[in-house]
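Read the structure below first, then the notes.
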DNA sequence: CCCGTTTTGTTCTCCCGTTCACAAACTCCT
DNA sequence: AGGAGTTTGTGAACGGGAGAACAAAACGGG
């Protein structure tokens, strides 16, 4: 025994961390179907990955399976949720209530996965009348007080690109340490602040690249 | 010379392909600022990557820079756009006009990056009255005729998870070969069809994981 | 015309992630 | 109780990407 208690399992590879939520989702699906036990093969199929990779990923968390049997769905579900940190709710602030911010505020996947939107902020006063997803759209000036009041550590930026850096700076100053950025701009943040970027058009461009390759391959090229 | 013409530069690594749109965006930004020439160092800073990585990425496309000088912004911009395939417009169909579909339909980043939304489809007849982003929301039944008429090869799924697989099957049958999936489900598609998945809640969960780690590290753990 | 300076393109090395393959361990059946 | 059959957990090989470092090439000045 290398004396690795589950809690001190220090370094989980980034690639594995990125897949844990996928496994979690798959387990929830299995639980809803009434499955109580599953093998790595079944779970891997549900999650869309290789079973060896799944087992290796889970081994970073600890030994939660039973050889010859498989994994207890509920138990594993809880363990992964605990590891990710979604056993309790995370308060989240969304800044920029345009089309995308609107959609994010209403996105049910957030609440059901342990995230609670505590405030919607927008710099444009004309939007402050609106009520979106049961929340008033409030002034961006209230950021600091909201972050302090609800102990918010995660912020979502859904503003236009030009405003993103300023919003990020303000978020960091207010004490937010994790940012999910939907604006198409590169954010500069201090050490210790995590930023993840989601760019919808980049995904489409990657598809377009492969799509173009396909048509070239099938002999449809016309450009000299 | 290994006789590698720019057009036949076969195998561009996936990691590089995923960054090309980022470089493209950075170049557009530089061009808007009036910059006509830039070094790999400058461009890398704009794109938020290492300059060595940038140069290596660009070298897969060909030699479009000038040693001692740098890159011509407009020229490189065109070359990357051509490589990705966004020099011409790609027709796109969006299925599922809920909150997210709404936002996607209005997302200006699509049109400005070479994607043209040609139709919005939804299975719910009560939505067929709506006009979103200047387009009628039409019946899902019209998928095949629209795909044929506009020669659509890229489809976007923004439906609930339960409907996603059925929509994907129908898209594939209609001739779509690239799918951008926003529904939180694993899609099974035949060989030759590309699927990219964007899951908003997964990104937040990854942030939550690191966030939890931070608080543990700073000595705030209270769980035995 | 030649040399120093700048910046690209590329080679080399290291590290992370993926996959294979197998031993350990558990269940079930006889 | 013992053995056959499963399935997990992990050691080891393998492949690809990241970063450092350097050689090749272009420009500018004297």
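Chains as they are written, first to last, in full-length UniProt numbering: chain A, 1 to 224; chain B, 1 to 224.
Ideal placement from N, C-alpha and C gives every residue a C-beta, glycine not left out.
Nothing here was measured: the structure is a model prediction, and the numbers come from that model.
Following the DSSP letters along the chain, one finds residue 49/A in no alpha helix (DSSP H), marked with neither H nor E. Of all residues in the segment 169-186 of chain B, only 177, 178, 180, 184, 186 come within less than 7 Å of chain A when Cβ atoms are compared, listed by chain position.
A direct Cα-to-Cα measurement between residue 96/B and residue 184/A gives close to 24 Å. Chain-ordered, the chain A residues with CB closer than 8 Å to the CB of residue 196/B read 203, 206, 207. Within the UniProt domain "CoA-binding" (85-186) of chain A, the complete beta strand (DSSP E) segments at least 3 residues long are 90-95, 115-122, 135-139, 154-157, 178-181, listed from N- to C-terminus.
Under the Cβ distance rule, residue 116/A does not count among the residues neighbouring chain B, no pair being separated by less than 7 Å. With respect to residue 201/B, residue 113/A sits close: the two C-beta atoms are nearer than 7 Å. Put simply, the CB of residue 111/B is far from chain A, with every gap to its CB atoms at 7 Å or more. The alpha-carbon separation between residue 168/A and residue 116/A amounts to approximately 20 Å. With contacts defined as CB atoms closer than 7 Å, residue 84/B and residue 20/B qualify as a contacting pair.
Per DSSP, reduced to three states, the secondary structure at residue 67/A is coil, with no helix or strand assignment.
A distance below 7 Å between beta-carbons, with the five flanking residues on each side excluded, links residue 104/B to the following residues of its chain, in chain order: 94, 156, 158. If you draw a 10 Å sphere on the C-beta of residue 66/A, you find fewer than 16 other C-beta atoms in it, and that means exposed. Residue 100/A has a beta carbon lying within less than 7 Å of a beta carbon in chain B. Counting along the chain, the unbroken alpha helix (DSSP H) around residue 22/A starts and ends at 14-32. The Cβ atoms of residue 146/B and residue 119/B sit closer than 7 Å to each other. At a cut-off of 7 Å, the C-beta of residue 80/A has no neighbouring C-beta in chain B.
About 4 Å separates the beta carbon of residue 106/B from that of residue 99/A, a gap short enough to meet the 8 Å contact definition.
Judged by DSSP in its simplified three-state form, residue 199/A adopts coil rather than helix or strand. Our two residues, residue 125/A and residue 144/A, have alpha carbons roughly 18 Å apart in a direct line. CA-CA distance, residue 186/A to residue 34/A, rounds to 44 Å. Distance from the CA atom of residue 30/B to the CA atom of residue 73/B, rounded to whole angstroms, is 7 Å.
Contact of residue 210/A with chain B is assigned, a C-beta pair being separated by under 7 Å. Look at residue 11/B here: in three-state DSSP terms it is coil, with no helix or strand label. Between residue 47/A and residue 23/A, the gap from beta carbon to beta carbon is short of 7 Å.
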